Structures are given as structure tokens and as C-alpha cells.
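Residue numbers (the working numbering): 1488 to 1592. Cβ atoms here follow ideal geometry from the backbone N, Cα and C, with glycine treated the same way. These numbers come from a predicted model, not from an experiment. So the structure is just underneath, and the comments pick up after that.
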Amino acid sequence: MIREVLLFHADRPDGDRPSVVRLGVDRESASRVMRKVSDADPEFSLHETHVLFAALSSTPIIIPSEEAFHERIGFYRENAFALAVGLVNATGGVSDKGANPPETA
């Protein structure tokens, strides 16, 4: 599912600026994270985990119809939200060592 939501964002024709707003990265960076998802044993930085979270939580908003979401992504919208929550919960048990401090807006 993660690969599919990242592919959805990478394929959007609206350019890099909307991608940065949705995911925090441009489309090429989203594509790099997507390729990393396909690795046998991927490890993600905190920033990459944010990209995964943002893709999982924003795709159901962009595709608000349950049927259209399922047809495009292959999973149900609640699965995307549950996986996003799981990512946040999983990061709670990981050390902050090497985490980049957030940029101020």
C-alpha cells in the first residue's frame, strides 16, 4: 500500500510545489522513497518516515471516494489511516539519535 500511495503522488501532474505541500518533498524525492520501499529490508530516516506518513494520510483526502481509492490503490482508505497511525506509534519506540530537528515555518 505504501508503494501505491507514493506512486500516486509521484505520478500527479501538478508539479513539485504541491508535492512539497502534500509530502514535504518534491516528486523525485518521493520517487526515491518509493524505490526504497521495495528494498528487501529498508530503513527509513525520520524525514522519510514523515513522507510515508504524509502520503498515507493525504491520499485518502485527495481520493475521497472509498470505491475510487480502492480501485486506484488496491486497499481501503481505513487501511491507509491505520498504517499511518502505526508509523507514528512505531517511531515512539525509536531513538531520536540522528533525527533532524524540524524546520520552523
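Residues of its chain near His1557, where Cβ-Cβ distance is below 7 Å and the 5 sequence neighbours each way are ignored: Your numbering for residue 1557 matches position 70 in the sequence shown. Excluding five sequence positions before and after His1557, the CB atoms of its chain that fall closer than 7 Å to its own CB belong to Tyr1563, given in chain order.
Range covered by the alpha helix (DSSP H) that runs through Ser1532: Position 45 of the sequence shown, counted from the start, is the residue given in the question as residue 1532. Counting along the chain, Ser1532 falls outside any alpha helix (DSSP H), and DSSP gives it neither H nor E.
Own chain residues within Cβ distance below 7 Å of Ala1569, not counting five before or after: Against the sequence shown, residue 1569 aligns to sequence position 82. The beta carbon of Ala1569 sits closer than 7 Å to none of the beta carbons in its chain outside the five residues before and after it.
Helix, strand or coil at Val1512 according to DSSP, with G and I counted as helix: Sequence index remark: in the sequence shown, residue 1512 carries index 25 (1-based). In this structure, Val1512 counts as coil in the three-state DSSP scheme.
Per-residue burial, Glu1535 [other beta carbons within 10 Å of its own, 16 or more giving buried]: Residue mapping note: residue 1535 aligns to position 48 of the sequence shown, counting from 1. Flag for Glu1535 reads buried.
Alpha helix (DSSP H) segment containing Ile1560, residue limits: The residue given as residue 1560 occupies position 73 in the sequence shown. Note, Ile1560: alpha helix (DSSP H), Glu1553 to Ile1560.
Span of the alpha helix (DSSP H), counted from its first residue to its last, around Gly1573: Along the sequence shown, one-based indexing puts residue 1573 at 86. Where Gly1573 is concerned, the enclosing alpha helix (DSSP H) stretches over Arg1564 to Thr1578.
Touch test, the segment 1541 to 1560 against the segment 1490 to 1498, Cβ-Cβ under 8 Å, three pairs minimum: Between the segment 1541 to 1560 and the segment 1490 to 1498, the count of C-beta pairs closer than 8 Å reaches three or more; the two stretches touch.
Classification of Ile1548 by the beta-carbon crowding that lies within 10 angstroms, buried from 16 upward: Reading the sequence shown from its first residue, position 61 is the one you call residue 1548. Result: exposed.
Exposed unless 16 or more other CB atoms sit within 10 angstroms - verdict on Val1512: Locating residue 1512 in the sequence shown gives position 25, counting from the first residue. Under this definition Val1512 is a buried residue.
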